[in-house]
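Novice: Quick note: the working numbering has the sequence shown finishing at residue 158, numbered continuously throughout.
Heads up, the beta-carbon is just placed ideally off N, CA and C, and yes, glycines get one too.
Let me give you the structure first, and then I'll get to my questions.
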Amino acid sequence: MNNLFSFAVRPAQKSELTSIYQLEQSLFGDHCYPDFFFRQSFDCWPKGLQVALDKQDNLLGYILIAPSEQTQCVWILSVAVDSLAQGQGVGRRLISDALTDLPKHVTEVKLTVAPTNPARHLYLSLGFIEQSVEEDYFGAGECRILMSLALAR
Numbered sequence: 006m007n008n009l010f011s012f013a014v015r016p017a018q019k020s021e022l023t024s025i026y027q028l029e030q031s032l033f034g035d036h037c038y039p040d041f042f043f044r045q046s047f048d049c050w051p052k053g054l055q056v057a058l059d060k061q062d063n064l065l066g067y068i069l070i071a072p073s074e075q076t077q078c079v080w081i082l083s084v085a086v087d088s089l090a091q092g093q094g095v096g097r098r099l100i101s102d103a104l105t106d107l108p109k110h111v112t113e114v115k116l117t118v119a120p121t122n123p124a125r126h127l128y129l130s131l132g133f134i135e136q137s138v139e140e141d142y143f144g145a146g147e148c149r150i151l152m153s154l155a156l157a158r
């Protein structure tokens, strides 16, 4: 891996919420989570909001995982990697570290992804399985693929 993208993954700090939101907004535009959602996520699921930082503490990406109504299941709500860091293993590491840190009672991870999102291939390579397609998930013409990963515990 290129030394430029040598990075660490750790829980987000409150002081990083603005940077997380700015990354979210730059990557997802109109479909981004609002800024207050990250504050609420930080309060509700502090261990579920993880960041990847380079050696200068610049934000390279983040992952947000939230519990489900089913106690054995969690949802990856978002994985975002700065466009300059994409393809450098940041997303893979964020997901892998998050999966490793899940409580032992969690046996399933779910997420949704747009069919055209290149991250779909990353999820498949990590063992996620495409379960179904939901048309109009975010409104007319906004379909998503539901993917899940069974964890061997």
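Please name the residue in Phe41, Val79 and Gln75 whose C-alpha comes closest to that of Gly53.
Specialist: It is Val79 whose Cα lies nearest to the Cα of Gly53.
Novice: Output the distance between the C-alpha atoms of Ala71 and Lys109, rounded to the nearest integer angstrom.
Specialist: Using only the alpha carbons, I get a separation of about 15 angstroms.
Novice: Give, in chain order, every unbroken run of the beta strand (DSSP E) that is at least 3 residues long and sits entirely within the segment 32-106.
Specialist: Fully enclosed beta strand (DSSP E) runs of 3 or longer: 54-59, 64-72 and 78-86.
Novice: Within the present structure, is the beta-carbon of His126 separated from the nearest heavy atom of the ligand GTP by less than 7 angstroms?
Specialist: With respect to the ligand GTP, the structure offers nothing, as it holds no ligand at all.
Novice: Using DSSP with H/G/I as helix, E/B as strand and the rest coil, what is Gln136?
Specialist: Strand, per DSSP.
Novice: Could you compute how far the alpha carbon of Ile68 sits from the alpha carbon of Ser101?
Specialist: In a straight line, the C-alpha of Ile68 is about 11 angstroms away from that of Ser101.
Novice: If you measure between the beta carbons of Leu64 and Ile25, is that distance less than 8 angstroms?
Specialist: For Leu64 and Ile25, yes; Cβs fall inside 8 angstroms.
Novice: So, does the segment 147-158 touch the segment 117-133, judging by three or more C-beta pairs under 8 angstroms?
Specialist: The answer is yes - the segment 117-133 touches the segment 147-158, with three or more Cβ pairs under 8 angstroms.
Novice: Ser137 to Gln27, Cα distance in whole Å?
Specialist: Roughly 31 angstroms between the two C-alpha positions.
Novice: Going by alpha carbons, who is nearest to Tyr128 out of Ser31, Ser153 and Val111?
Specialist: With distances taken between Cα atoms, Tyr128 lies closest to Ser153.
Novice: Grouping DSSP H, G and I as helix and E and B as strand, with all else coil, what is Ser153?
Specialist: Here Ser153 sits in strand by DSSP.
Novice: In three-state DSSP terms, what is Glu113?
Specialist: Of the three classes helix, strand and coil, the one that applies to Glu113 here is strand, per DSSP.
Novice: State the beta-bridge partners of Ala13 as determined by DSSP.
Specialist: Leu58, per the DSSP bridge assignment.
Novice: The alpha helix (DSSP H) that contains Tyr128, what's its start and end?
Specialist: Where Tyr128 is concerned, the enclosing alpha helix (DSSP H) stretches over Ala124 to Ser130.
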